[in-house]
Ligand SMILES: NC(=O)c1ccc[n+]([C@@H]2O[C@H](COP(=O)([O-])OP(=O)(O)OC[C@H]3O[C@@H](n4cnc5c(N)ncnc54)[C@H](O)[C@@H]3O)[C@@H](O)[C@H]2O)c1
Ligand SMILES: [Zn+2]
Ligand SMILES: [Zn+2]
């Protein structure tokens, strides 16, 4: 099969012929239909998230089941599925306590002594990213990285639910307990931030203030639910939020992962409010925040990982949200492209020229 391989950090992905193994026990072979491109893939390329090359990125997929391994009972050939990087074991203390997205086994893959799932033309193993590697025509996944969805859901939109939409919606709907009417700020209007805006809208938030450095995103943010937009390159965004909210928003979602915007997020948060860190900072980054504000103003700072998902429960629900018109996915897709153009897509993302880009396979 054709796949885009990361051979080195900070270099274009290379299109190669890769051999994918047959499904073993508990595994499912999926023909990839579409894969969204998430900034976390770019973080890996740029070395901000560790993954030793060679490896195949892509973790926002939808596809059709081609074959199933021994013991797989939840899936059959022909099923439409979304893949999620938070695969779950089902028995650890996180899974059984209702937080399967924190399952420590989620990146385990096949045991080291087993045959690799992916092998290159020279017979060498290629790392599978998050049990998915969707920048490839096929994916060999553990069944617990997949969820079956309705057949009437278009797969080129379903894929967005695999990461960005679940992350943004879930930050607003699962991670925090947001009352109707609460004021919300979303910093960063990429696929993740635009989904947080939609989560806030679905939850019945009051003001939903979008902040971005790219003014062209504001029309889109407004269509998806933003009530106000702030240009981060024009003046003091913190003061602008304080003016709109009488001192700060109850919930601020930082959806970029930069020290200055995380700090701004805390400053934009109201007394007693919550700053939610959704953007991923480089793995070694330390972020100074005003400790006394947290104490004296009872501000909370929390992380939100993959929308605090229980994806077998959440994703089919998000599919229903789309099909009954409450979740807007068509508007979020700025480009559809073939796998051959994956490097062009990353260039667009670096320049802030994309909303969500989707690789569509034949
Ligand atoms: N928490 C999680 O589980 C999770 C899951 C998926 C992605 N992420 C992370 O979320 C972040 C966003 O991902 P994405 O795919 O939406 O990215 P993206 O590149 O599509 O969007 C980022 C947005 O931030 C804006 N921006 C960049 N610098 C800015 C600045 N200084 N001020 C204001 N706006 C600025 C850009 O214009 C763009 O609209 C990434 O860090 C990604 O790794 C986290
Ligand atoms: Zn992602
Ligand atoms: Zn577990």
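Residue numbers (the working numbering): 99 to 460.
Glycine residues also receive a C-beta, built at the ideal position from the N, C-alpha and C atoms.
Query	Result
Ligand 2 heavy atom lying under 8 angstroms from the CB of residue 144	no
Heavy atom of ligand 1 within 8 angstroms of residue 148 beta-carbon	no
Residue 432 in three-state terms, based on DSSP	strand
Meets three-Cβ-pair contact criterion under 8 angstroms: the stretch 317-335 and the stretch 369-385	no
Residue 371, enclosing beta strand (DSSP E) - first and last residue	367-375
Length-filtered (3 minimum) beta strand (DSSP E) runs lying within the stretch 266-349	282-285, 306-310 and 326-329
Any non-hydrogen atom of ligand 2 closer than 8 angstroms to residue 412 Cβ	no
At least 3 beta-carbon pairs within less than 8 angstroms: the stretch 292-310 vs the stretch 434-447	no
Closer than 8 angstroms: residue 188 CB and nearest ligand 3 heavy atom	yes
Secondary structure of residue 142, DSSP reduced to three states	helix
Residues sharing a beta bridge with residue 154, DSSP	103 and 226
Spatial distance of residue 386 from residue 364 (CA atoms)	11 angstroms
Among 140, 426, 421 and 394, the one whose alpha carbon lies nearest that of residue 447	140
Test item: CB-CB of residue 271 and residue 173 under 9 angstroms	no
Backbone CA spacing between residue 250 and residue 420 [nearest angstrom]	11 angstroms
Alpha-carbon spacing of residue 100 relative to residue 114, whole angstroms	6 angstroms
Whole-number beta carbon distance between residue 104 and residue 147, since they are thought to touch under 8 angstroms	Not really, about 12 angstroms apart at Cβ, beyond 8 angstroms.
Helix, strand or coil at residue 443 [DSSP, three-state]	helix
Residue range of the alpha helix (DSSP H) that includes residue 410	409-421
Cα-Cα separation, residue 345 to residue 183	38 angstroms
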